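> In the working numbering, the protein residues as written are 4 to 217.
By construction, the Cβ of each residue, glycine as well, lies at the ideal position given by its N, Cα and C atoms.
What you are looking at is a predicted structure, and each value in this text was computed from that prediction instead of being measured.
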């Protein structure tokens, strides 16, 4: 179980949600959001970090070159993704630029959350250390073959690129070993929704327990 650094400061139960690429993290977090739960999505925050006219975006152009700038001045995200997943040095540089900004944005969002419990969704929750902000770790899981096929069809990426992305994430066995809770997303949306509803009931009870302990 994660060691929650905010336990003494944050009144709400914080559920960390993660999974490998193509596992269905967004589909799961959307279902929690539909149940009235505040979702803090680090992918969304990371996109904001590199929005048009962002000071971080200018650093990306200066580092990687102006060829990443689209006609409207925004970032060619597909081109950048291709660079960082084929060059580990470039990936580390970008993470060192974005992660501190995202961390501060996450902490700010946690202080503003008002739902009974909060979902912190991040593809790099474990790798980045953000898992330390959570009371519990929820893993969305499915077989690697399904990860590859779903991601390749969804993002129009080659299977080889998807495999490279998977190889740079924590391994599936390591991820599962850390899980407090698990969602099997190898089925259809109805199967996913039933699991989310069950976990929602569980988290409401755990949230009450945390509140009563304070």
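Any idea if residue 7 is buried or exposed, counting beta-carbon neighbours within 10 angstroms, 16 or more meaning buried?
By one-based count along the chain shown, residue 7 stands at place 4. With a pLDDT of only 49 at residue 7, under 50, the local geometry of the prediction cannot be trusted, and no value is derived from it.
> Residues in its own chain within less than 8 Å of residue 43 by CB, not counting five upstream and five downstream?
Along the chain shown, one-based indexing puts residue 43 at 40. Hits under 8 Å: 109, 112, 113, 116, 121, 122, 123 and 124.
> Would a C-beta distance cut-off of 9 Å place residue 189 and residue 146 closer than the cut-off?
Walking along the chain shown from the start, residue 189 turns up at place 186. Walking along the chain shown from the start, residue 146 turns up at place 143. Cβ atoms of residue 189 and residue 146: closer than 9 Å.
> Less than 9 Å between the beta carbons of residue 138 and residue 186, yes or no?
Residue mapping note: residue 138 aligns to position 135 of the chain shown, counting from 1. Residue mapping note: residue 186 aligns to position 183 of the chain shown, counting from 1. Their beta carbons are not under 9 Å apart, which means residue 138 does not touch residue 186 by this criterion.
> Mind checking residue 78: buried by the 16 CB within 10 Å criterion, or exposed?
The residue given as residue 78 occupies position 75 in the chain shown. Residue 78 comes out buried.
> Where does residue 10 sit, in a helix, a strand or coil, going by DSSP?
For this step, residue 10 is matched to residue 7 along the chain shown. Because residue 10 sits at a pLDDT of 44, beneath the cut-off of 50, its placement in the model cannot be relied upon, and the point is left open.
> Can you grab the Cα-Cα spacing for the pair residue 118 / residue 38, in whole Å?
Here residue 118 refers to the residue found at position 115 of the chain shown. Here residue 38 refers to the residue found at position 35 of the chain shown. Near 10 Å, if we compare the C-alpha coordinates of residue 38 and residue 118.
> Would you check if the distance between the CB atom of residue 21 and the CB atom of residue 140 is smaller than 9 Å?
Mapped onto the chain shown, residue 21 falls at position 18. Mapped onto the chain shown, residue 140 falls at position 137. Closer than 9 Å, so yes.
> Count Cβ pairs between the segment 54-62 and the segment 72-86 that sit closer than 8 Å; are there 3 or more?
In short, these stretches touch, since the Cβ pair count reaches three.
> Any idea if residue 11 is buried or exposed, counting beta-carbon neighbours within 10 angstroms, 16 or more meaning buried?
Working through the chain shown from its first residue, we reach residue 11 at position 8. Unreliable positioning characterises residue 11 in this predicted model, as indicated by a pLDDT of 40, which lies under 50. A coordinate reading is not provided.
> Quick check on DSSP: helix, strand or coil for residue 163?
For this step, residue 163 is matched to residue 160 along the chain shown. In the structure shown, residue 163 sits in a helix (DSSP, three-state: H, G or I).
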